[in-house]
Structures are given as C-alpha cells and as structure tokens.
Amino acid sequence: MRCLSRSGSSMQMNDRMGFSSSINRRAIINHGRRAEKSESSWGGLLDAPLVVGHDRRRTLGMNIELVAVDIDGTLLDSQSRISERDRRAIRAAVERGVRVILVTGRRFVIARPIALELELTTPLITHNGALVKHPQTGAVIDYHPLAAPLARRVVALGRTVGADLVCCADPEGLGRALIERISEHNVRLRQYLDRAPLVVERVPDLMAAIRRDPIQIMSSGPCARMDEFERVLAEDLNGRVTLLKTVYPQKDMTILDILAPRCSKAAALARLVARYGLNRHQVMAIGDNENDMAMLQFAGLGVIMGNAQHHLKPAADYVTASNDESGVARAIERFILQE
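Numbering (my numbering), first residue to last: 31 to 369.
In structure tokens, the structure reads:
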C-alpha cells in the first residue's frame, strides 16, 4: 500500500478546507541536502542524476520552461487571496513563454475559478493528479479514476468506523460530490461542501450510487477516527489504492483522500511535461505540504514555501518566503525573471 501522509502545517497556510495558522521564515537555499534525485522513478522523462548546489541555481534559472504551482498554502495567502505581486510575476512568466500550471488537491469546480482569474490556458491538475482538465473549455486531458468496486469497498469500510464520506464523480462536468450523510459535528466538511453547493448530491445509499468509476473518495473527521480508517483501508485493500492524508492536530482534523494506485501530483505533472516535449530539468515546482513533495522531487528545481512544516524543507532545493509574503512571486522573480 502506498500511503503518503499530508500532515497539516502548524504554520501559516490555507488548505482546501480553510484551516490556517502562522510563521515567517526567510528564504534559504539548501546546498547538497537533496544530493541526487532518482532517475528510474520517472522513466524516460529523466536523463541524468542531478546534484544540488550553488551552480544548479544559476544554470536552471536560465532554462525553466514550466512552473507548477500548488494552490492552498502556496499561491493563496492565509486569507485565500492571490497577492498582486504573485499575479504580476505569473503574468510576466507567461509573457516570456513559460507555462504556468496549477496543481492542486481541490476539485475542478473550486480550482477552476483561480485558473480563470489568472487567465491561464494551461491544463489544470486537480484531485491530487487524478483529473487534469482544460480550465477554459472543461475538456478532460488526463484521468485516472478509482475503480468502482474499490470505491464501494472503501465506503463499506468507512461505515465500519463511522467515517463521513464524499464520492467525487462526473469528471466530464463540473464534478459531483455524492454524500449519504455528514455528521452534525463535522462542521469543516460541511463548510467545504458549501463552497460549491450546486454540485453536492445527497443519496440514500452511497454504495449503491457508485455505478461508474469515480474520481476519488474523500473523508474527513477527528484525527483518531481517520487514523483508524486509514489503518483499516491499508490492511484490507493492500496496495490497491493510494492514500493521501492531511493532518491538522490543532483542529483535531484529518483529511483522507483515497485515489487510484500511483495517483499523485508528480505523476500527472510528469505526463504533461512529456507531452510538451520537455524534461524535468526545465521544470520548477512550488508547494508547501506533504502531497507536494513528490512533485518537488520530480522537478528540476523544487521550491518549498516558508510556511511549510520545518521537517519538509530540507528535501527541497530552495525555501522561498511564506504564502503571506508572496513566496511564489519571489521564486519566479529569482529563477525565471532574474530580478
């Protein structure tokens, strides 16, 4: 079972369900912390081992053709806004011919407005890599659904631990969030669903409602309950799904995403990079959380936000400013605009 933990930061960030906290860190470069990236993991996309250091910052800064940017805790500040400095930097990068791609765990319906606001015409990676769509037309570009029998098994297992479950479906449209019930005390999940109420559909029996392969199943609730649910899933499904977990201990809240095997932001990004005829050394990725780390490892230049958890920072090549200090813009200015 490939279980990736997306532990929530105790620092300043807004995730896709709206939690936040705070810290400030100045940008630092990590010399030699990530001395070599594995080439075999990405097949033919990778061409040589890469050593991190002073020279790498200079050489890659001149040849970045694509920037992958996480949304929550990265592009959005703690008030869920995009700073004017970030807007200017993204616009300047696009004007120079650099592709800017948003990569998020969000559903398409709540990620699309951000891509449209920035006037991006590049593919939008959503659901942690399970679904890639064109933000303007809504056309599906890449899709890796969760098999319906597995999704129904997840629902059955969720019932054994009393988990609140959401089935994300309708990849061709705006997306549907199928729910059977949401506990009264699960205020955060209710607020999350209220962000796009028109696509929420209450069904009498979630298991029976899953007739086609869905995009994913997600759950959220108290940390102990989600830990138990994760354990049950891992033991029962034994490698047949991907588990992504985000933990917010200060809120006693965990988000657990259940997706198809090998689904990740990094895998979806790698396929787009190949489609564009680029290699990973021409990619800069910017993120703040555990579900971003594989993407940062894949990219030739992995940039982590100053508001990320401290234990994540050594794995990145560069630590930029926080999401409340236009960390995205500062990275683009430094490595692409050369300002």
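Glycine included, C-beta positions come from ideal geometry on N, C-alpha and C.
Keep in mind that this is a model prediction, so the values were computed, not measured.
Item                                                                                                                                                                                : Value
Would you be able to state if there are at least three C-beta pairs under 8 angstroms between the region 243-251 and the region 156-166?                                            : yes
Counting only the same chain and skipping the five closest in sequence on each side, list residues whose C-beta sits under 7 angstroms from that of residue 325.                    : 98, 133, 295, 296, 299, 315 and 317
Could you tell me whether the region 263-272 touches the region 282-293, where touching means 3 or more Cβ pairs closer than 8 angstroms?                                           : yes
Identify whether residue 363 lies in helix, strand or coil by the three-state DSSP scheme.                                                                                          : helix
For residue 286, which of 304, 253 and 311 has the nearest alpha-carbon?                                                                                                            : 253
Tell me, please, which residues DSSP counts as bridged to residue 246.                                                                                                              : 198
Just to confirm my understanding: we take residue 181, look at its own chain, exclude 5 residues before and 5 after, and list those with CB closer than 6 angstroms. What are they? : 240, 244 and 247
Taking only runs of the beta strand (DSSP E) that begin and end inside the region 284-338, which ones reach a length of at least 3 residues, in chain order?                        : 313-317 and 331-334
Based on the DSSP output, what are the partners of residue 343 in its beta bridges?                                                                                                 : Partner(s): none; residue 343 has no beta bridge.
Could you please give the first and the last residue of the uninterrupted beta strand (DSSP E) stretch that includes residue 130?                                                   : 129-133
In this structure, how does DSSP classify residue 351 when only helix, strand and coil are distinguished?                                                                           : coil
Can you say whether residue 126 is buried or exposed, counting buried as having 16 or more other CB atoms within 10 angstroms of its CB?                                            : exposed
Thinking just about the alpha-carbon of each residue, which of 342, 319, 346 and 344 is nearest to the one in residue 16?                                                           : As displayed, the chain neither begins before 31 nor continues past 369, which places residue 16 out of reach and without an answer.
Taking just the CA atoms, how far does residue 204 sit from residue 183?                                                                                                            : 25 angstroms
Under 7 angstroms, do residue 146 and residue 165 count as touching if we go by C-beta distance?                                                                                    : yes
Output the distance between the C-alpha atoms of residue 305 and residue 191, rounded to the nearest integer angstrom.                                                              : 42 angstroms
Spell out a yes or no on whether the region 103-115 and the region 345-355 are touching, meaning 3 or more CB-CB pairs, one atom from each, closer than 8 angstroms.                : yes
In three-state DSSP terms, what is residue 233?                                                                                                                                     : coil
With distance defined between alpha-carbon atoms, name the residue in 349, 161 and 303 nearest to residue 130.                                                                      : 303
Tell whether a beta-carbon distance below 7 angstroms holds between residue 366 and residue 128.                                                                                    : yes
What are the start and end residues of each continuous alpha helix (DSSP H) run of 4 or more residues lying completely inside the region 105-192, in chain order?                   : 114-125, 138-147 and 178-191
Among 231, 327, 221 and 212, which has the Cα closest to the Cα of residue 198?                                                                                                     : 231
Measuring straight from C-alpha to C-alpha, what distance separates residue 321 and residue 200?                                                                                    : 23 angstroms
Which value, in whole angstroms, describes the spacing of the CA atoms of residue 179 and residue 363?                                                                              : 47 angstroms
Among 163, 217, 345 and 213, whose alpha-carbon lies nearest the alpha-carbon of residue 327?                                                                                       : 345
Quick one, are the C-beta atoms of residue 207 and residue 217 less than 7 angstroms apart?                                                                                         : no
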